[in-house]
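Structure record follows, encoded as structure tokens.
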Amino acid sequence: MTPPRTLSPRFAYKSDRLKPLRAFCQTARLGSVSRAAEALYLSQPAVTLQLQALEREMGVRLLERSGRRVALTREGEALYELARPLVEGLDALDGTFRERIRGLDAGELNVAAGSSTILYLLPKIVEAFRASHPEVRLTLHNVTGAGGLDLLRSDGVDLAVGSMLDVPGDLSYAPVYRFEPMLIAPRKHPLAQLERVTLQDLSPYGLILPPQRLTTYRMVDLVFQQNRVPYTVALEVGGWEVIKQYVAMGLGISIVTAICLTEADRARLCVRSLAEYFPSRSYGVVVRKGKYLSPQARAFTELIQPALFERADYYATGQSDR
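At position 238 of the sequence shown the residue is numbered 238 (UniProt numbering), and the sequence of numbers has no breaks.
Written out as structure tokens, the structure is:
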């Protein structure tokens, strides 16, 4: 008895592997070489030759005839399981690509920002973005500065908008807006009688400040310490709106950033600039270095400032610096 012939594997890396794989998948799906040939608009001998070539290349029998039908061997079933999604994906590539191109303006955009940025800086930008890109699902993640950076690094958001003092090496920060530090006090407070307010003038009065972990508190403490002026904190509370309300109620004075002051606030509160002592705060866009900016993210940054990251070429992949 003649032993079964063992097919030695052949590897033709430069050959067209898609055609025989397509013929194999159609034959496996339809259970017939002739029906596969009809589906591929080929002759039956052409399909047979492609199947034989694939078996020679893989070094195993892939098909066996069972009556009028062709059945898969065990090895053929394994190859079909692997090859089918590849062949179907490649055959659908043109349509999928065109659909993706048409949908570039759709999709979603995730932006990280703090409460003050969302409340005071972003409303008009969000309104303009929604008007020009109504099909994009926009999500604003209300997080602290550290939380926003964590989301950036984990690709949980496309970009962040806010204020930064120290910029880590793996991120790029493009400042766009600047806001002065301002004293706010009740309208009938003694400080309201002064045209120019010094740190010494603030010393006798209790301050209402955000929690110690936030930048504003740390900056206020640093400035008073550097100038050797004592100060007291009457109350710690989060949120500019709450701080402004408590100041208006006469519970203390505060040092805030001008971003949070509206015309209504200036009418009900005493407002004085403290730019002589405290640095202005910048607000801008933060991105991860080397991250590709999607069309949606680019459209959003264009509304904040045109060509914001153009010099750094963030529209392309790869490491870049600003």
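Where is the CB? At the ideal position from N, CA and C, for every residue including glycine.
Enclosing alpha helix (DSSP H) for P211 [first to last residue]: In the sequence shown, residue 211 corresponds to position 211, counting from 1. Run containing P211: none; DSSP gives neither H nor E here.
Suppose only complete runs of 3+ residues qualify. What are the beta strand (DSSP E) ranges in the UniProt domain "HTH lysR-type" (16 to 73), listed by chain order? 63 to 66 and 69 to 72
Under 7 Å: does the beta carbon of E55 sit that close to some heavy atom of the ligand PLP? Ligands are entirely absent from the displayed structure, and the ligand PLP is therefore not among its contents.
Where do the N-terminal and C-terminal ends of the alpha helix (DSSP H) with G284 fall, by residue? The residue you call residue 284 lines up with position 284 of the sequence shown. From DSSP, G284 is part of no alpha helix (DSSP H) but of the beta strand (DSSP E) over R281 to R288.
Does the Cβ-Cβ distance between L303 and I125 come in under 8 Å? Position 303 of the sequence shown, counted from the first residue, corresponds to residue 303. Position 125 of the sequence shown, counted from the first residue, corresponds to residue 125. For L303 and I125, yes; Cβs fall inside 8 Å.
Inter-residue Cα distance where the pair is D16 and F24: Residue mapping note: residue 16 aligns to position 16 of the sequence shown, counting from 1. Residue mapping note: residue 24 aligns to position 24 of the sequence shown, counting from 1. Rounded to whole angstroms, D16 to F24 spans 14 Å at the Cα level.
If the criterion is Cβ atoms closer than 8 Å, does the pair L209 and V220 meet it? Reading the sequence shown from its first residue, position 209 is the one you call residue 209. Reading the sequence shown from its first residue, position 220 is the one you call residue 220. Contact flag set, yes.
Are the beta-carbon atoms of P186 and C260 separated by less than 8 Å? For the purposes of this step, residue 186 is taken as residue 186 along the sequence shown, with counting starting at 1. For the purposes of this step, residue 260 is taken as residue 260 along the sequence shown, with counting starting at 1. No.
Skipping 5 residues on each side, what residues in its chain have a beta carbon closer than 8 Å to that of A258? Within the sequence shown, residue 258 is the residue found at index 258, counting from 1. Result list for A258: F179, E180, P181 and M182, in chain order.
Rounded to a whole number of angstroms, what is the C-alpha to C-alpha distance between L79 and A307? Residue 79 sits at position 79 when you count from the first residue of the sequence shown. Residue 307 sits at position 307 when you count from the first residue of the sequence shown. In a straight line, the C-alpha of L79 is about 50 Å away from that of A307.
Check each candidate in R196, A234, V233 and Y277 and name the one with the smallest Cα separation from L227. Here residue 227 refers to the residue found at position 227 of the sequence shown. First, the residue type needs correcting, since residue 227 is Asn and not Leu in the sequence shown. Comparing Cα positions, the closest option is Y277.
Let's test the definition: count the other Cβ atoms within 10 Å of the Cβ of L63 and tell me whether it reaches 16, buried, or not, exposed. Working through the sequence shown from its first residue, we reach residue 63 at position 63. L63 comes out buried.
What's the C-alpha gap between R22 and V87? As a working mapping, residue 22 is identified with position 22 in the sequence shown. As a working mapping, residue 87 is identified with position 87 in the sequence shown. Straight-line Cα distance between these residues: approximately 6 Å.
With 16 as the cutoff for other CB atoms within 10 Å, does F97 come out buried or exposed? Within the sequence shown, residue 97 is the residue found at index 97, counting from 1. Exposed, since its Cβ has fewer than 16 Cβ neighbours within 10 Å.
Three-state secondary structure (DSSP) of P85: As a first step, residue 85 must be located in the sequence shown, where it is residue number 85. Helix.
So what does H189 bridge to, in DSSP terms? Walking along the sequence shown from the start, residue 189 turns up at place 189. DSSP lists no partner for H189.
Three-way DSSP call (helix, strand, coil) for Y205 in this model: Locating residue 205 in the sequence shown gives position 205, where the first residue counts as 1. Reduced to three states, the DSSP call for Y205 is coil.
Own chain residues within Cβ distance below 6 Å of T232, not counting five before or after: Counting from 1 along the sequence shown, the entry for residue 232 is found at position 232. Contacts found: G206.
Go to G250, then tell me how far its beta strand (DSSP E) extends in each direction, as first and last residue. Taking the first residue of the sequence shown as 1, we reach residue 250 at position 250. No beta strand (DSSP E) holds G250; DSSP gives it neither H nor E.
Beta carbon of L274, beta carbon of I255: below 8 Å? Residue 274 sits at position 274 when you count from the first residue of the sequence shown. Residue 255 sits at position 255 when you count from the first residue of the sequence shown. In this structure, I255 lies closer than 8 Å to L274 by Cβ.
Residues that Y177 bridges to, as DSSP identifies them: Reading the sequence shown from its first residue, position 177 is the one you call residue 177. Paired residues: Y283.
Residue nearest to G147 in terms of C-alpha spacing, selected from A160, V167 and V136: Here residue 147 refers to the residue found at position 147 when the sequence shown is read from its first residue. For G147, the nearest C-alpha among the options comes from A160.
Can you list, in chain order, the residues of its chain with a C-beta nearer than 8 Å to that of R61? Leave out the 5 residues immediately preceding and following it. Position 61 of the sequence shown holds residue 61. The residues are L7, E55, T73, E75 and G76.
Decide if M249 is buried, meaning its Cβ has at least 16 other Cβ atoms within 10 Å, or exposed. Walking along the sequence shown from the start, residue 249 turns up at place 249. Result: exposed.
Straight-line gap, A299 to R137 (C-alpha atoms, nearest Å): Residue mapping note: residue 299 aligns to position 299 of the sequence shown, counting from 1. Residue mapping note: residue 137 aligns to position 137 of the sequence shown, counting from 1. Going by the C-alpha atoms only, they are around 13 Å apart.
In terms of residues, what are the limits of the alpha helix (DSSP H) holding E263? As a first step, residue 263 must be located in the sequence shown, where it is residue number 263. Taken as a continuous stretch (DSSP letters only), the alpha helix (DSSP H) holding E263 covers E263 to R268.
Given a cut-off of 8 Å, decide if A112 and L152 are closer than it, judged by their beta-carbon atoms. The count along the sequence shown starts at 1 and reaches residue 152 at position 152. The count along the sequence shown starts at 1 and reaches residue 112 at position 112. Yes, the pair counts as a contact, with Cβ atoms nearer than the cut-off.
Please list, in chain order, all residues of the same chain as S43 whose beta carbon is under 8 Å from its beta carbon, the five residues on each side excluded. One-based indexing of the sequence shown puts residue 43 at position 43. Here the set comprises A37.
Under a three-way DSSP split, which group does R137 fall into? Reading the sequence shown from its first residue, position 137 is the one you call residue 137. Of the three classes helix, strand and coil, the one that applies to R137 here is strand, per DSSP.
Spatial neighbours of E108 within its chain, please: CB distance less than 6 Å, with the 5 preceding and 5 following residues excluded, ordered by chain position. Walking along the sequence shown from the start, residue 108 turns up at place 108. Contacts found: R137.
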